[in-house]
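*Asks:* Note that the sequence shown covers residues 197 to 596 in the working numbering.
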Amino acid sequence: MASIKVKFRPSTVADHEGTIYYQITHDRKPRQLLTDYHIFPTEWDDNRSMVVTTQKSDRKSFVLSIRERIRWDVERLTKIIRKLDNNGLTYTADDVIDEFNRYANEYSLFNYMESQIIKLKQNGKIRTSETYTVTLNSFKKFRQDEDIMLDCLNTEVMEAYEAWHQQRGVSPNTISFYTRILRAVYNRAVENEIIENRHPFRHVYTGVDKTVKRALPLSIIKRIKALDLSLTPAIDFARDMFIMSFMLRGMSFIDMAYLRKSDLSNGYVAYRRRKTGQLLTIKWTKEMQMILDKYPENSTRYLLPIIKNTGTNERYTYRNVGYNINYNLKKVAKKVGITVPLTLYVARHSWASAAKAKGIPLSVISEGMGHDSETTTRIYLASLDTTVVDKANSLILKGL
197 MASIKVKFRP STVADHEGTI YYQITHDRKP RQLLTDYHIF PTEWDDNRSM VVTTQKSDRK
257 SFVLSIRERI RWDVERLTKI IRKLDNNGLT YTADDVIDEF NRYANEYSLF NYMESQIIKL
317 KQNGKIRTSE TYTVTLNSFK KFRQDEDIML DCLNTEVMEA YEAWHQQRGV SPNTISFYTR
377 ILRAVYNRAV ENEIIENRHP FRHVYTGVDK TVKRALPLSI IKRIKALDLS LTPAIDFARD
437 MFIMSFMLRG MSFIDMAYLR KSDLSNGYVA YRRRKTGQLL TIKWTKEMQM ILDKYPENST
497 RYLLPIIKNT GTNERYTYRN VGYNINYNLK KVAKKVGITV PLTLYVARHS WASAAKAKGI
557 PLSVISEGMG HDSETTTRIY LASLDTTVVD KANSLILKGL
């Protein structure tokens, strides 16, 4: 069995930091594994082969972090040696170092997440790959671009990440969003037996708080609909897409963007939600057609004037249009004198709120699409006769 020793090599220049390295010995043949950990001679105890510090040192936290990283490295080297021994194959100290370096390249958090993002894209899970990318960028910012090994994630790191977000005023649900994605990545590595589960997420919040419903009363929706915005086309378009979403029973913007002309047939729009794959059918009304008629016919296969050019990156286009709409909806909010942060998502909650105010059964509106469990929402909606929902929608639109 190979042995591991932690060593310190002083700098040849006086008063400069020296370097920590590991000596791997197998069959009496020693090899050196250099690290990028640098400390002063006073911070090294040669008798104990350990990094040391004092309470008064201004480098205490830095030195302690190096000591922790050394502990992780030695633990990883020990695991590699144990695995090679258990395989019963002949190996050398160089093989141990090669395996350590391979692990560092493949199983750092940054590298592992990037490999997962590539796989998600290859499997057509574009939206999930985007959420992984956003989370990775967030964690990189927290770490100031300093990578960390998967098996070095612990409760202290995750608690510090959570606190970093809190200090920046990030909401608990957003923090939980990032943390749950990191947990999914970590659990995948555990399942693949890359690391052992250290349960680093047990002290951080990974739930979902109920949010304050961002719904507008029907009277405000009517005021938004009645605004004369003909002199400001961008704001007019934002308002029209908001009202269209409302009329389409709170259809999400991504579903609106990808709604095809072929989805509208015989007075009904039939489409599958991109989020759940659920098939929904909505009666197409003259009010919807009036909004559509304001704009030139879309030259693409899509019904609404959101993705208007072929040969472009459609996801990039719909997201940019969505950002612009939400930006201009803030101006709409000012015009009608409301303080609610007006976004396209408000239309979804507003339709549910209006339905509830009309006395429409909760089974029809599925609690304004706001169930704690999306599965429950799908069960409710899947069991409904679409004519019941269309009647509910007619009741709401008559109030506009």
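Just so it is clear, CB atoms sit at the ideal spot from N, CA and C, and this is done for glycine as well.
#1: So, with DSSP's three-state summary, where would you put V330?
#2: Below 8 Å CB to CB, which residues in the same chain sit around G214 once its five sequence neighbours on both sides are set aside?
#3: Mind the definition here: the stretch 460-477 touches the stretch 536-554 only if three or more C-beta pairs lie below 8 Å; say whether that holds.
#4: Going by DSSP, what residues sit across from I220 in a beta bridge?
#5: Quick check on DSSP: helix, strand or coil for D432?
#6: Among N383, D586 and F397, which residue has its Cα nearest to the Cα of T351?
#7: Starting from A466 and walking both ways along the beta strand (DSSP E), at which residues does that stretch end?
#8: Whose C-alpha, out of D347, L332 and W480, is nearest the C-alpha of Q340?
#9: Taking just the CA atoms, how far does Y308 sit from N282?
#10: Specify, as a first and last residue, the run of the beta strand (DSSP E) that I478 falls within.
#11: Can you find a C-beta in chain C that's less than 8 Å from the C-beta of D291?
#12: Determine the closest residue to L500 out of N509, T508, G507 and V517, with distance taken between C-alpha atoms.
#13: Would the stretch 412-425 count as touching the stretch 525-537 if we require 3 or more Cβ pairs under 8 Å?
#14: In whole angstroms, give me the CA-to-CA distance for I220 and Q362.
#15: Counting C-beta neighbours from all protein chains within 10 Å, is the total for G320 16 or more, i.e. buried, or is it exposed?
#16: Once DSSP output is grouped into helix, strand and coil, what is the label at T249?
#17: Where does A430 land, buried or exposed, given buried means 16+ other C-beta within 10 angstroms?
#18: Figure out for me which residue from C348, D291, K337 and Y217 has the closest Cα to the Cα of W144.
#19: If L273 and Y303 are in contact, beta carbons under 8 Å, what's the gap, nearest whole angstrom?
#20: Can you tell me whether F258 is buried or exposed, with buried defined as 16 or more other CB within 10 angstroms of its CB?
#21: With DSSP run on the structure shown, which of helix, strand or coil describes M345?
#22: In its own chain, which residues sit with a C-beta less than 7 Å from the C-beta of T539, not counting the 5 before and 5 after it?
#23: Excluding five sequence neighbours on each side, which residues of the same chain lie with their C-beta closer than 8 Å to the C-beta of S311?
*Replies:* Concretely, from the data shown:
#1: Reduced to three states, the DSSP call for V330 is helix.
#2: F204, R205, P206, S207, H234, I235, F236, P237 and W240
#3: no
#4: I200 and R227
#5: helix
#6: F397
#7: Y464 to R468
#8: The closest CA to that of Q340, considering only D347, L332 and W480, is found on L332.
#9: 26 Å
#10: For I478, the enclosing beta strand (DSSP E) starts and ends at L475 to K479.
#11: Of the protein chains in the structure, only one exists, and it is not chain C.
#12: The candidate whose alpha carbon is nearest that of L500 is V517.
#13: yes
#14: 43 Å
#15: exposed
#16: coil
#17: exposed
#18: The chain is shown from 197 up to 596; residue 144 falls before or after that span and cannot be answered.
#19: Not really, about 14 Å apart at Cβ, beyond 8 Å.
#20: Counting Cβ neighbours within 10 Å, F258 comes out exposed, since fewer than 16 surround it.
#21: strand
#22: N522 and L525
#23: Closer than 8 Å at the Cβ level, and outside the excluded window around S311, lie E302.
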